[in-house]
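**Q**
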Amino acid sequence: VEFPETRPLARRDAGLLKWTRYDPDVLAAWVAEHDLGVPPEVTRRLRDLVDENAYGYHGADNELGGAFSRWATSRHGWTPEPELVVPTSNVLQGIWACVEAFTQPGDGLVYTTPVYPPFLDAPPTTGRRAVDWPMMYDEQGWSYDIDALQALLEADAGISLLLLCSPHNPTGRLFEHHELVRVVDLAHEHDLLIVSDEIHSDIIYPGSTHVPTLTIPGAAARTVTVTSGVKTFALGGLRCAVAVAGDDHLQARLREIPAHLLGGANRMGCEATITAWENGGSWVDSLLALLDGHRRHLVGRLHSELPRIGVHLPDSTFLAWLDLGSFSPNENAARWLRERTGVACGNGPAFGPGGRNHVRMTFGTTATLLDKMVDRMVAGLIDR
Numbered sequence: 001v002e003f004p005e006t007r008p009l010a011r012r013d014a015g016l017l018k019w020t021r022y023d024p025d026v027l028a029a030w031v032a033e034h035d036l037g038v039p040p041e042v043t044r045r046l047r048d049l050v051d052e053n054a055y056g057y058h059g060a061d062n063e064l065g066g067a068f069s070r071w072a073t074s075r076h077g078w079t080p081e082p083e084l085v086v087p088t089s090n091v092l093q094g095i096w097a098c099v100e101a102f103t104q105p106g107d108g109l110v111y112t113t114p115v116y117p118p119f120l121d122a123p124p125t126t127g128r129r130a131v132d133w134p135m136m137y138d139e140q141g142w143s144y145d146i147d148a149l150q151a152l153l154e155a156d157a158g159i160s161l162l163l164l165c166s167p168h169n170p171t172g173r174l175f176e177h178h179e180l181v182r183v184v185d186l187a188h189e190h191d192l193l194i195v196s197d198e199i200h201s202d203i204i205y206p207g208s209t210h211v212p213t214l215t216i217p218g219a220a221a222r223t224v225t226v227t228s229g230v231k232t233f234a235l236g237g238l239r240c241a242v243a244v245a246g247d248d249h250l251q252a253r254l255r256e257i258p259a260h261l262l263g264g265a266n267r268m269g270c271e272a273t274i275t276a277w278e279n280g281g282s283w284v285d286s287l288l289a290l291l292d293g294h295r296r297h298l299v300g301r302l303h304s305e306l307p308r309i310g311v312h313l314p315d316s317t318f319l320a321w322l323d324l325g326s327f328s329p330n331e332n333a334a335r336w337l338r339e340r341t342g343v344a345c346g347n348g349p350a351f352g353p354g355g356r357n358h359v360r361m362t363f364g365t366t367a368t369l370l371d372k373m374v375d376r377m378v379a380g381l382i383d384r
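Numbering (the UniProt record's numbering), first residue to last: 1 to 384.
1. Return the residue from the list Met361, Phe327, Asn332 and His188 that minimises the CA-CA distance to Gly380.
2. For Arg173, count the other beta carbons within 10 Å of its own beta carbon; 16 or more makes it buried, fewer makes it exposed. Which is it?
3. Buried or exposed: Asp107, going by 16 or more other Cβ atoms within 10 Å of its Cβ?
4. Is it buried or exposed, His200, if we count other Cβ atoms within 10 angstroms and call 16 or more buried?
5. Keeping to the same chain, check which residues put their C-beta closer than 7 angstroms to that of Thr73; ignore five residues upstream and five downstream.
6. For the beta strand (DSSP E) that Trp78 lies in, which residues bound it at each end?
7. Drop a sphere of 10 angstroms on the beta-carbon of Ala155, count the other beta-carbons inside from all chains shown, and report buried for 16 or more, exposed for fewer.
8. DSSP has Cys165 in a bridge; who is on the other side?
9. Nearest CA to the CA of Val91: which residue from Pro206, Asp292, Gly263 and Val374?
10. Taking the alpha-carbon positions, what's the Asp51 to Val42 distance?
11. Are at least three pairs of beta-carbons, each pair with one atom in the stretch 203 to 216 and one in the stretch 57 to 65, less than 8 angstroms apart?
12. Taking Val374 as the reference, which of Ile216, Val26 and Glu2 has the closest Cα?
13. Can you look up Asp323 in the DSSP assignment and give me helix, strand or coil?
14. Given a cut-off of 7 angstroms on the beta-carbon distance, is the pair Arg296 and Gly342 in contact?
15. Tell me the DSSP secondary structure of His297 in three-state form.
16. Considering only DSSP beta bridges, list what Trp142 is partnered with.
17. Rounded to whole angstroms, what's the CA-CA distance from Gly352 to Val284? Just pull it up for me.
18. Between the beta-carbon of Ala241 and the beta-carbon of Gly94, is there less than 7 angstroms?
19. Checking the sheet assignment: what are the DSSP bridge partners for Cys345?
20. Tell me Pro87's beta-bridge partners as DSSP assigns them.
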């Protein structure tokens, strides 16, 4: 598989948000979307649909459950029942639907910070309470404090939902099997629903393993997994995701959300996603090999040329979580970096507690462009 070096420029010409939010001379690394294209089968399928004027009402979402089940089996050794897969327009809609279906106003929602910024919006927009479960950090990197989660649950009987980001965005941390076993045990002990966002689960590097939450014994009665192909296959503009209920009871509860509020996936999104899941295995293998080299190259260059930037090798995702604390940036660390280097990253404080002085950098781009980004960072920060 070839990943053309010209792809990012083509994405700017196509008007994609990643490459048009800032001035043309700014290099974009701010959004969790890679620049490396889609499997050729997806392009062919979408072209066929356009040629057929296939823009009308559709039933393609009926095929999503089976396609996802086969994909999860081949990539993760997990075979969800297709009948328990509920199509949604995107992962966030699935999360909000779970909040509405399984919690009440005033209930506590737990999430790990720093975390994907929309998670922070779930409590205030639904009348629920935010309960912060901070990640731990030491010289080995980021980790989960399961004892702290237990203490939170014991202290607050009003917590009803745990929102996991697994793999974790922005740190790239993966849950280990024994950690998820404890989380599921706590869910049973404290009458807790787990909503597991596994949208980055296909981007796992050698030596690491993604453990789907629903493979843990006892998880089925307490878990809804939400995921999509948009990160793996760069399909963010095509609205398609799935919510996978652990059992019939949870699916029935989720289906109590009025269909017009629950939404659904559009025709192009369904067709692109199904085609990618059915045909994209070898393409993803090539993508992972490329991204594995990128993450090692990026972290190696930063350690060597900008050792004041704190960074650990992520186990998953195409995201690097950079600590700029030694430079004392202002509250908007991303703007501070962009003004000095012309590289646009995600702003750490937007990820909640633990994000101060940090930026999130997307390295899912071409090797040439990644080096240009690091070159700019070195030139702009080396003497500061």
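The beta carbon of each residue, even a glycine, is placed where N, CA and C say it ideally should be. These numbers were taken from a predicted model, which means no experiment stands behind them.
**A** Short version:
1. Checking every option, the nearest Cα to that of Gly380 belongs to Phe327.
2. Burial call: buried.
3. Classification of Asp107: buried, given that the 10 Å Cβ count is 16 or more.
4. That one is buried.
5. Excluding sequence neighbours, Thr73 sits near Thr79.
6. From DSSP, Trp78 is part of no beta strand (DSSP E); its letter is neither H nor E.
7. It is exposed - the Cβ of Ala155 has fewer than 16 other Cβ atoms within 10 Å.
8. Answer is Asp197.
9. If you compare the alpha carbons of Pro206, Asp292, Gly263 and Val374 with that of Val91, the shortest gap goes to Gly263.
10. Roughly 14 angstroms between the two C-alpha positions.
11. As far as the Cβ criterion goes, the stretch 203 to 216 does not touch the stretch 57 to 65, which means the pair count is below three.
12. Scanning Ile216, Val26 and Glu2 for the CA closest to the CA of Val374 turns up Val26.
13. Correct three-state label for Asp323: strand.
14. Contact check for Arg296 against Gly342 fails: the beta carbons are separated by 7 angstroms or more.
15. The answer is helix: DSSP assigns His297 an H, G or I state.
16. Bridge partners of Trp142: Tyr137.
17. About 31 angstroms.
18. Yes, the pair counts as a contact, with Cβ atoms nearer than the cut-off.
19. Listed as beta-bridge partners of Cys345 by DSSP are Ala29.
20. Under DSSP, Pro87 shares a beta bridge with Val242.
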